[in-house]
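Colleague: In the working numbering, the protein residues as written are 2 to 365. In this text, a Cβ means the ideal position worked out from N, Cα and C, and glycines have one as well. My questions will all concern the structure given below.
Quick look at the structure:
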């Protein structure tokens, strides 16, 4: 069972105050209002008692955390499902290869850039995992500690390292530690970090700064930060109880979010009527932003459920894994863990390890 911490609106623990004789009526009234406010918080609950919660939700805390866990697990499952057909840019070749088969967990794995066993994560999933591990081990995002954890993970990694990760390693080796270790790179690595950070900091004032820190450890690039933080705020809305459509409408009309990211979001909406495959081809199938943001955003406007979104995103080709994580996280957060097919979960080789970490980051 969950235990809710009693918090004030700025995140401090509930405290009893003694009203001294002679203090005056104003202070006494303030005390009464404070006590009532604290009692109300005890009943309704903030999202995270430990870090300056600011956001209330109509959902019970148990359900918010369940939605957060579903988002993270949904992203990892989608990554593993997409890995076998990752980075195939030729649509004709992709369609011919898949034929009438299910593109999810396609066998044999046919990525032209690496060969991993079926059920393993893609290089994107493999870089999201050290973040999840660091959040669990350090009870939150410590950018200096995460930079050390990421350096260790990438140094020991036997798979395909991308350009941003290689540059990060070189920076760390040359003594450019946090806050100077991140690569000058604007690709979609920022998006794959979103579900884990949201799960840890949903509903708190820390979310935006922690999201930025997690990104800048790996990518010290403003565009990566702007799109990553925007994606995090949209996912947060869904975790707190909004539908995907409501969260997108909120983002369209929010002048506090990155103008560039909101503009990309709106332009994604304006191509409605196309298949996801055609829309992604129009935006661009590459790893770069804004392409890799517009693709999943269009998927949120055009798809109706988790499995449909993951399958059609795979068949859109190109960098399907970077797009698929955020897209899948949104549907899983909205529709719950039950929306992820059990037969998919059983094919993810490290699912139980990932699940254990997720429960440490967002406990039941």
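Indicate whether the contact test is met: 3 or more Cβ pairs, each with one atom in the stretch 178–186 and one in the stretch 105–125, closer than 8 Å.
Modeller: no
Colleague: Look at the alpha carbon of residue 343 and the alpha carbon of residue 82, and state the distance between them as a whole number of angstroms.
Modeller: Those two C-alpha atoms are separated by around 12 Å.
Colleague: Contact between the stretch 342–358 and the stretch 62–82: three or more CB pairs below 8 Å?
Modeller: yes
Colleague: If I follow the unbroken alpha helix (DSSP H) through residue 302, where does it start and stop?
Modeller: 292–303
Colleague: In its own chain, which residues sit with a C-beta less than 6 Å from the C-beta of residue 281, not counting the 5 before and 5 after it?
Modeller: 296 and 317
Colleague: From the DSSP output, read off the bridge partner residues of residue 273.
Modeller: 275
Colleague: Could you tell me the distance, in whole angstroms, from the CA atom of residue 100 to the CA atom of residue 92?
Modeller: A direct Cα-to-Cα measurement between residue 100 and residue 92 gives close to 12 Å.
Colleague: From this set, 279, 189 and 68, which residue's C-alpha is nearest residue 223's C-alpha?
Modeller: 189
Colleague: Can you tell me whether DSSP reads residue 257 as helix, strand or coil?
Modeller: coil
Colleague: How big is the Cα-Cα spacing for residue 308 and residue 175?
Modeller: 44 Å
Colleague: Between residue 326 and residue 114, what straight-line distance do the alpha-carbon atoms span, to the nearest angstrom?
Modeller: 19 Å
Colleague: Which partner residues does residue 229 have in the DSSP bridge list?
Modeller: Paired residues: none, contrary to the question.
Colleague: Excluding five sequence neighbours on each side, which residues of the same chain lie with their C-beta closer than 7 Å to the C-beta of residue 104?
Modeller: 86, 312, 315 and 316
Colleague: Closer than 8 Å is the cut-off here; do at least three beta carbon pairs connect the stretch 199–215 with the stretch 251–266?
Modeller: no
Colleague: Give the range of the alpha helix (DSSP H) segment to which residue 346 is assigned.
Modeller: 343–346
Colleague: Have a look at the DSSP bridge pairing and note the partners of residue 204.
Modeller: BP columns for residue 204 are empty, so no partner.
Colleague: Can you tell me the Cα-Cα spacing of residue 324 and residue 258, whole angstroms?
Modeller: For residue 324 and residue 258, the distance between alpha carbons rounds to 20 Å.
Colleague: For the candidate residues 242, 292 and 304, whose alpha-carbon lies nearest to that of residue 68?
Modeller: 242
Colleague: Could you check how far apart the C-beta atoms of residue 218 and residue 148 are, in whole angstroms? I think they sit under 8 Å.
Modeller: 5 Å
Colleague: In terms of residue numbering, what span does the alpha helix (DSSP H) encompassing residue 337 cover?
Modeller: Run containing residue 337: none; DSSP gives neither H nor E here.
Colleague: Can you tell me the Cβ-Cβ gap for residue 132 and residue 194, rounded? I've got them flagged as a contact below 8 Å.
Modeller: 6 Å
Colleague: Measure the C-alpha to C-alpha separation of residue 203 and residue 151 and round it to an integer number of angstroms.
Modeller: 23 Å
Colleague: Rounded to whole angstroms, what's the CA-CA distance from residue 143 to residue 220? Just pull it up for me.
Modeller: Using only the alpha carbons, I get a separation of about 16 Å.
Colleague: Determine the burial state of residue 90: buried for a count of at least 16 other Cβ atoms within 10 Å of its Cβ, exposed for fewer.
Modeller: exposed
Colleague: Figure out for me which residue from 198, 173, 186 and 127 has the closest Cα to the Cα of residue 164.
Modeller: Here the closest residue by C-alpha is 186.
Colleague: Taking the runs of the alpha helix (DSSP H) that are 4 residues or longer, which of them lie wholly in the stretch 96–142?
Modeller: 124–139
Colleague: Is DSSP giving residue 87 helix, strand or coil here?
Modeller: coil
Colleague: Could you give the distance in angstroms between the alpha-carbon of residue 352 and the alpha-carbon of residue 74?
Modeller: 8 Å
Colleague: When DSSP labels each residue in this structure, what does residue 184 get in the three-state scheme?
Modeller: DSSP, reduced to helix, strand and coil, places residue 184 within a strand of the structure shown.
Colleague: Would you identify the three-state DSSP class for residue 319, choosing helix, strand or coil?
Modeller: strand
Colleague: Please return the same chain residues whose Cβ sits closer than 8 Å to the Cβ of residue 208, not counting the five positions on each side in sequence.
Modeller: 198, 199, 202, 233, 234 and 237
Colleague: DSSP beta-bridge partners for residue 220?
Modeller: 184
Colleague: To the nearest angstrom, report how far apart residue 334 and residue 240 are at their CA atoms.
Modeller: 6 Å
Colleague: So, helix, strand or coil for residue 289, using DSSP?
Modeller: strand
Colleague: Give every residue of the same chain whose Cβ lies closer than 6 Å to the Cβ of residue 262, excluding the five residues on either side of it in the sequence, and list them in chain order.
Modeller: 227, 228 and 231
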